[in-house]
Amino acid sequence: MSCGFDNVYESRNAAEELRAQINHHDYLYFVLDQPEISDAQYDDLRLRLQTIEAHYPELITPDSPTQRVAGQPVAAFSIVEHRLPLLSLANAFNSDELHAWYRRTCNLAEVDSFALVCEPKIDGLAVALVFENGHFVQGATRGDGLRGENITENLRTIRSIPMQLRSDHPPERFEVRGEVYMPKAAFERLNSERADRGEALFANPRNAAAGSVRQLDPRVTASRKLDIWVYQLGWSDSARPPTHWETLNWLKEMGFRVNPHIVRYDDLESVKRHYLEWEEKRHQIEYEIDGLVVKIDDFAVQERLGYVGREPRWAVAYKFPPIQGTTKLLRIAINVGRTGSLNPFAILEPVRVGGVVIKQATLHNEDDIRRKDIRVGDTVIVQRAGDVIPQVVGPVLSKRTGKERKFKMPPRCPVCGGEVVRPEGEAMRYCINPSCPAQAFRWLTHFVGGGAMDIEGLGEQWCAVLLEKGLVEDPADVYFLTREKLLTLERMGPILADKIIANIEASKKRPLARLIFALGIRHVGSEIAEILANEFGSLDKLAAAGLHELSTVPGIGPKIAESVYAYFRRQRTRRIIKKLKRAGVQMEQERARPKGGPLRGQTFVITGTLAAMPRSKAEELLRFLGASTGDSVTKKTDCLVVGFQPGSKLQKAEQYGTKIMNEDELVALLRRHGLRP
Ligand code: IVH
1 MSCGFDNVYE SRNAAEELRA QINHHDYLYF VLDQPEISDA QYDDLRLRLQ TIEAHYPELI
61 TPDSPTQRVA GQPVAAFSIV EHRLPLLSLA NAFNSDELHA WYRRTCNLAE VDSFALVCEP
121 KIDGLAVALV FENGHFVQGA TRGDGLRGEN ITENLRTIRS IPMQLRSDHP PERFEVRGEV
181 YMPKAAFERL NSERADRGEA LFANPRNAAA GSVRQLDPRV TASRKLDIWV YQLGWSDSAR
241 PPTHWETLNW LKEMGFRVNP HIVRYDDLES VKRHYLEWEE KRHQIEYEID GLVVKIDDFA
301 VQERLGYVGR EPRWAVAYKF PPIQGTTKLL RIAINVGRTG SLNPFAILEP VRVGGVVIKQ
361 ATLHNEDDIR RKDIRVGDTV IVQRAGDVIP QVVGPVLSKR TGKERKFKMP PRCPVCGGEV
421 VRPEGEAMRY CINPSCPAQA FRWLTHFVGG GAMDIEGLGE QWCAVLLEKG LVEDPADVYF
481 LTREKLLTLE RMGPILADKI IANIEASKKR PLARLIFALG IRHVGSEIAE ILANEFGSLD
541 KLAAAGLHEL STVPGIGPKI AESVYAYFRR QRTRRIIKKL KRAGVQMEQE RARPKGGPLR
601 GQTFVITGTL AAMPRSKAEE LLRFLGASTG DSVTKKTDCL VVGFQPGSKL QKAEQYGTKI
661 MNEDELVALL RRHGLRP
């Protein structure tokens with residue numbers, strides 16, 4: 001396939017132009033949250049750049065937008081010495097302490113007052129980003145303040161970190177600092193997917209962000225939806241503005257994501273008012289903050305004040321009170337999830353925590369309950385972090401009376417009495433009765449819910465009624481509801497019925513990833529659904545995929561592959577898919593992943609062992625070039641790659657006259673296209 005340019009010089013110019021455009025649109029989308037072009041137009045720009053880079057790999061630059069997700073795993077992080085230490089902050093836990101800090105600082109600086117910049121204290125992890133001639137060259141964790149870990153490749157995957165600055169004259173070399181964090185919604189989603197997979201949960205978004213940024217495989221980091229707020233200029237080779245406030249504006253102009261809630265005040269009283277406002281407002285923003293950082297604006301004053309130990313005298317963390325409380329654990333109840341999972345949760349004596357009354361809290365799973373030694377009747381610590389579901393942190397052991405009872409999971413499903421199993425290696429037990437009403441209800445509400453088919457008007461109450469009246473047995477039946485059927489329900493009027501029918505109709509056109517997610521396959525959350533939709537492009541192809549094919553998709557582990565494979569082999573699944581098809585639900589990727597690449601349209605199969613790389617790697621590289629890969633040789637197979645000790649596929653290929661290639665030829669092919677296996 002041609003990339004449209006006859007020579008490398010033209011291509012270089014075109015690639016540069018495309019990079020500038022993509023960077024600009026990334027900035028509009030990820031930093032300003034104000035996109036100007038459609039996703040399709042954006043994808044088109046990226047595809048054009050990828051095509052050029054596949055033809056002329058020598059044109060790939062480390063900060064090309066295409067390199068944000070392509071990084072290779074590393075064995076360990078190298079160590080970076082910070083040119084200027086990353087400091088921590090002294091805390092003030094109430095307004096008296098804040099006041100004391102202010103007075104002390106005024107005395108030391110020999111002034112009566114100073115201007116202050118108030119910033120949200122983001123609950124994430126500090127990073128230091130180095131830029132050279134306008135390009136991002138290095139990113140590191142704080143570490144011990146003097147030495148951190150080099151996590152450059154992982155940070156490239158955070159799309160709001162500029163790879164190239166938007167300024168013609170940035171300092172030749174400088175470092176900015178900021179906080180990498182995980183938005184609350186992403187944290188919730190990640191944890192619920194981990195719970196589904198029986199994996200350990202992250203305690204809070206900060207741990208999740210830290211765990212994600214320190215992944216040896218950048219592709220894992222890329223899947224974690226991290227973001228950054230830049231809050232400080234570290235060091236710089238050239239002159240800087242005279243105040244912190246002006247510096248933040250300057251950083252913003254260069255394309256950094258600077259928090260919009262940062263304000264500058266001339267007096268301390270305004271800071272206190274601001275704090276009181278934010279004690280409430282903190283729950284309304286999409287990331288966690290645990291206080292405010294109050295900084296002296298004037299760099300000259302900052303310099304005069306200097307440091308004590310690891311803490312600057314010119315800033316203080318004005319912390320919010322923690323949102324924990326203690327109460328009595330009355331009972332442990334079980335809620336049956338859509339996949340049949342038995343989820344234990346705590347029924348509590350109502351308690352006010354951070355202005356909200358908590359009556360229930362999650363307990364994750366039986367292992368977690370045992371690990372924390374939580375017993376019925378215990379006085380427990382409960383914690384609320386923003387909008388996330390309250391959690392039981394653990395028992396207050398000093399309050400034990402001896403009357404507390406250890407908890408045992410019920411041997412049968414508490415809703416239908418059906419058999420319960422705990423698959424090996426998983427933390428959850430599942431009810432395996434396919435007609436368990438609790439599962440049917442959860443599945444239906446999941447199917448019609450926001451992240452799935454998104455059928456507005458069909459809330460939980462209507463779902464329950466539809467199941468109860470037998471109008472719906474499984475989610476696919478929703479597509480056979482009619483206005484007349486709906487009107488037989490109590491309290492259903494013609495206007496609502498029409499609206500629901502119209503919404504059901506509209507939901508038939510949801511993207512494939514949403515449909516896959518809606519099916520409620522165990523271990524398939526929205527991110528995995530997205531990967532599967534992109535990889536297979538249609539539900540039929542996904543349903544037909546072999547176990548090996550599934551498990552070689554990047555991002556799909558063996559557990560997910562097995563779950564997907566088993567799901568599509570069930571009689572019941574087949575029936576549902578048939579119904580969905582009959583109803584006209586869209587089952588193809590509306591806008592299939594632009595499958596560019598020089599091997600587009602060709603199918604490769606590999607047999608035997610390869611010397612240079614695992615088979616899965618070879619398949620991944622072939623797919624990167626646009627080829628599809630298969631498990632078995634069919635008439636449609638274009639090429640069979642034969643390694644050491646090939647299997648029966650070789651005879652099949654000879655029989656069909658399929659083109660056969662040895663490993664050396666495969667390596668040469670990959671190299672021709674700029675890949676180094
Ligand atoms: S300024 C000396 N600004 O809080 C200046 N830090 O407890 C220290 N943090 O390590 C950094 N939001 O990870 C600053 N707006 C903000 C911040 C912030 C969060 C973190 C940062 C630092 C820790 C100190």
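Quick note: the sequence shown, position 468, residue 468 per this note's numbering, numbers continuous. Glycine residues also receive a C-beta, built at the ideal position from the N, C-alpha and C atoms. Everything numeric in this text was worked out from a predicted model, so none of it was measured.
Kindly provide the ranges of any alpha helix (DSSP H) runs that are 4 or more residues long and lie completely inside the region 69-131, ordered along the chain. Listed in chain order, they are 95-109.
Verify whether the separation of the beta carbon atoms of Ile381 and Val357 is less than 8 Å. The count along the sequence shown starts at 1 and reaches residue 381 at position 381. The count along the sequence shown starts at 1 and reaches residue 357 at position 357. Contact flag unset, no.
For the structure I just gave you, are there three or more beta carbon pairs, one from the region 193-200 and one from the region 519-528, closer than 8 Å? The region 193-200 vs the region 519-528: in contact.
Which value, in whole angstroms, describes the spacing of the CA atoms of Arg591 and Ala627? Here residue 591 is taken as the residue at index 591 of the sequence shown, counted from 1. Here residue 627 is taken as the residue at index 627 of the sequence shown, counted from 1. Caution applies to Arg591, whose pLDDT of 44 falls short of 50 and renders its modelled position unreliable; the value that the coordinates give is listed next. Inter-residue distance for Arg591 and Ala627 is about 18 Å (C-alpha atoms, whole angstroms).
Helix, strand or coil for Asn204 per DSSP? Position 204 of the sequence shown, counting from 1, holds the residue named residue 204. Asn204: coil per DSSP, three-state reduction.
With the cut-off set at 8 Å, would you say Thr243 and Asp298 are in Cβ contact? Against the sequence shown, residue 243 aligns to sequence position 243. Against the sequence shown, residue 298 aligns to sequence position 298. Taking 8 Å as the Cβ cut-off, Thr243 and Asp298 qualify as a contacting pair.
Leu625 versus Lys617, Gly425 and Asn433, residue with shortest Cα-Cα distance: Counting from one through the sequence shown, the residue named residue 625 turns up at place 625. Ranking the options by Cα distance to Leu625, first place goes to Lys617.
Cβ-based neighbour list, Ala126, same chain, cut-off 7 Å, excluding 5 preceding and 5 following: What you label residue 126 is simply residue 126 of the sequence shown in a count that begins at 1. Excluding positions up to five away in sequence, the list reads Leu86, Arg142, Arg177 and Glu179.
CA-CA distance, Gly255 and Ser160? Residue 255 sits at position 255 when you count from the first residue of the sequence shown. Residue 160 sits at position 160 when you count from the first residue of the sequence shown. The alpha-carbon atoms of Gly255 and Ser160 are separated by roughly 9 Å.
Distance CB(Ile334)-CB(Pro410) smaller than 8 Å: If you number the sequence shown from 1, residue 334 lands on position 334. If you number the sequence shown from 1, residue 410 lands on position 410. Against a cut-off of 8 Å, the Cβ pair of Pro410 and Ile334 comes out as a contact.
My guess is that Val667 and Ala612 are in contact by the Cβ rule of under 8 Å, so how many angstroms apart are they, rounded? Along the sequence shown, read from residue 1 onward, the residue named residue 667 stands at position 667. Along the sequence shown, read from residue 1 onward, the residue named residue 612 stands at position 612. Confirmed, Cβ separation roughly 6 Å.
Enclosing beta strand (DSSP E) for Ser236 [first to last residue]: The sequence position of residue 236 within the sequence shown is 236, counting from 1. Following the DSSP letters along the chain, one finds Ser236 inside the beta strand (DSSP E) bounded by residues Asp227 to Ser236.
Do the region 267-285 and the region 48-62 meet, that is, are 3 or more Cβ pairs less than 8 Å apart? As far as the Cβ criterion goes, the region 267-285 does not touch the region 48-62, which means the pair count is below three.
Work out the CA separation of His24 and Pro171 for me, nearest whole Å. What you label residue 171 is simply residue 171 of the sequence shown in a count that begins at 1. What you label residue 24 is simply residue 24 of the sequence shown in a count that begins at 1. Distance from the CA atom of Pro171 to the CA atom of His24, rounded to whole angstroms, is 20 Å.
Which whole runs of the beta strand (DSSP E) in the region 119-188 are 3 residues long or more, in chain order? Counting only runs of 3 or more, we get 125-132, 135-141, 147-149 and 173-181.
Which whole-angstrom value describes the C-beta separation of Ile369 and Leu329, a residue pair presumed to lie in contact below a C-beta threshold of 8 Å? By 1-based counting over the sequence shown, the position of residue 369 is 369. By 1-based counting over the sequence shown, the position of residue 329 is 329. Between Ile369 and Leu329 a beta carbon distance of about 10 Å is seen, past the 8 Å cut, so the two are scored as non-contacting.
Using 10 angstroms around the beta-carbon of Arg83, count the other beta-carbons present and answer buried if the total reaches 16, otherwise exposed. The count along the sequence shown starts at 1 and reaches residue 83 at position 83. Exposed: under 16 other Cβ atoms inside 10 Å.
Is the closest heavy atom of ligand 1 to the C-beta of Ile228 under 7 Å? What you label residue 228 is simply residue 228 of the sequence shown in a count that begins at 1. Ile228 Cβ: outside cutoff for every heavy atom of ligand 1.
Option in Arg671, Tyr307, Val293 and Asn150 with minimal Cα separation from Ala76: The count along the sequence shown starts at 1 and reaches residue 76 at position 76. Per the Cα distances, Asn150.
Determine the extent of the alpha helix (DSSP H) in which Thr51 is found, giving its start and end residues. The residue given as residue 51 occupies position 51 in the sequence shown. For Thr51, the enclosing alpha helix (DSSP H) has its first and last residue at Asp39 to His55.
Tell me, please, whether the CB atom of Glu588 is closer than 8 Å to any CB atom in chain D? No chain D is present in this structure, which holds just one protein chain.
By DSSP, does Glu10 sit in helix, in strand, or in coil? The count along the sequence shown starts at 1 and reaches residue 10 at position 10. Note: Glu10 maps to helix in three-state DSSP.
Straight-line CA distance for His364 to His446? The residue labelled residue 364 in the question sits at position 364 within the sequence shown. The residue labelled residue 446 in the question sits at position 446 within the sequence shown. Annotation: His364 to His446 spans about 19 Å, alpha carbon to alpha carbon.
Helix, strand or coil, according to DSSP, for Thr66 in the structure here? Sequence index remark: in the sequence shown, residue 66 carries index 66 (1-based). Correct three-state label for Thr66: helix.
Decide yes or no for the touch test of the region 116-134 against the region 245-262: beta carbon pairs closer than 8 Å, at least 3 of them. Contact between the region 116-134 and the region 245-262 is established, with three or more Cβ pairs separated by less than 8 Å.
Alpha helix (DSSP H) containing Leu216: first to last residue? Locating residue 216 in the sequence shown gives position 216, counting from the first residue. Counting along the chain, Leu216 falls outside any alpha helix (DSSP H), and DSSP gives it neither H nor E.
Does the Cβ-Cβ distance between Ala115 and Tyr287 come in under 8 Å? In the sequence shown, counting from the first residue as 1, residue 115 sits at position 115. In the sequence shown, counting from the first residue as 1, residue 287 sits at position 287. Contact: no.
Distance CB(Pro57)-CB(Asn154) smaller than 8 Å: Within the sequence shown, the letter at position 57 stands for residue 57. Within the sequence shown, the letter at position 154 stands for residue 154. Between Pro57 and Asn154, the C-beta gap is not smaller than 8 Å, which leaves the two residues out of contact.
Considering only their Cβ atoms, is the gap separating Ala109 from Arg304 smaller than 8 Å? Working through the sequence shown from its first residue, we reach residue 304 at position 304. Working through the sequence shown from its first residue, we reach residue 109 at position 109. Judged by beta-carbon spacing, Ala109 lies within the 8 Å limit of Arg304, meaning their Cβ atoms are closer than that value.
Distance CB(Met182)-CB(Ala208) smaller than 8 Å: Taking the first residue of the sequence shown as 1, we reach residue 182 at position 182. Taking the first residue of the sequence shown as 1, we reach residue 208 at position 208. Yes, the Cβ-Cβ distance between Met182 and Ala208 is below 8 Å.
Rounded to whole angstroms, what is the Cα-Cα separation between Leu248 and Pro205? Working through the sequence shown from its first residue, we reach residue 248 at position 248. Working through the sequence shown from its first residue, we reach residue 205 at position 205. It is roughly 25 Å from the alpha-carbon of Leu248 to the alpha-carbon of Pro205.
Pull up the distance between the alpha-carbon of Glu665 and that of Gln164, whole angstroms please. Locating residue 665 in the sequence shown gives position 665, where the first residue counts as 1. Locating residue 164 in the sequence shown gives position 164, where the first residue counts as 1. So the alpha carbons of these two residues sit roughly 38 Å apart.
In terms of residue numbering, what span does the alpha helix (DSSP H) encompassing Asn249 cover? The sequence position of residue 249 within the sequence shown is 249, counting from 1. Counted as a single uninterrupted DSSP element, the alpha helix (DSSP H) harbouring Asn249 occupies residues His244 to Glu253.
What residues in its chain sit with their C-beta under 6 Å from that of Lys399, if we drop five residues either side in the sequence? Here residue 399 corresponds to residue number 399 of the sequence shown, with the count starting at 1. The beta carbon of Lys399 sits closer than 6 Å to those of Thr379, all from its chain and outside the five residues before and after it, given in chain order.
What separation, rounded to the nearest whole angstrom, lies between the Cα atoms of Ser270 and Gln232? The residue you call residue 270 lines up with position 270 of the sequence shown. The residue you call residue 232 lines up with position 232 of the sequence shown. Approximately 22 Å between the Cα atoms of the pair.
Find the nearest neighbour of Glu468 within the set Trp245, Glu490, Lys636 and Pro350, judged by alpha-carbon distance. Here the question's residue 468 lines up with position 468 in the sequence shown. The shortest C-alpha to C-alpha distance from Glu468 to any of Trp245, Glu490, Lys636 and Pro350 is the one to Glu490.
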